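Chemist: First, the structure itself, so that you have it in front of you.
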Amino acid sequence: WTVMLGRRNSATASLSAANNNIPSPASSLSTLISSFQAHGLSTKDLVALSGAHTIGQSRCAFFRTRIYNETNIN
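Set out below in structure tokens:
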């Protein structure tokens, strides 16, 4: 069978929009909440989307300081 490929939620993509509207993995919780609220999303949306983003493999460098607040990651 034919497998349909490609994004279906947009006709275009914008690198600058992605870079300006997607929060950094190093963003603080307050920054993340503000960023999501600016786009009409709730803290529940933040938890769901952030959780979905980290399913699989992620680097400790992106979240360890927010969890343990330590600089020595070895």
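With my numbering applied, the sequence shown covers 103 to 176.
For every residue, glycine included, the Cβ atom is placed at its ideal position computed from N, Cα and C.
Treat the numbers as computed from the prediction; the structure is a model and nothing was measured.
1. Do you know how far the Cα of Thr104 is from the Cα of Ala132?
2. What three-state label does DSSP hand Ile124 in the structure shown?
3. Of all the options Ser130, Ile135, Asn123, which has the alpha carbon lying nearest to the alpha carbon of Ala150?
4. If you measure between the beta carbons of Pro125 and Ser144, is that distance less than 8 Å?
Modeler: Considering the structure as presented:
1. It is Ser, not Ala, that sits at residue 132 in the sequence shown. If you take the alpha carbons of Ser132 and Thr104, they lie about 45 Å apart.
2. coil
3. Ile135
4. no
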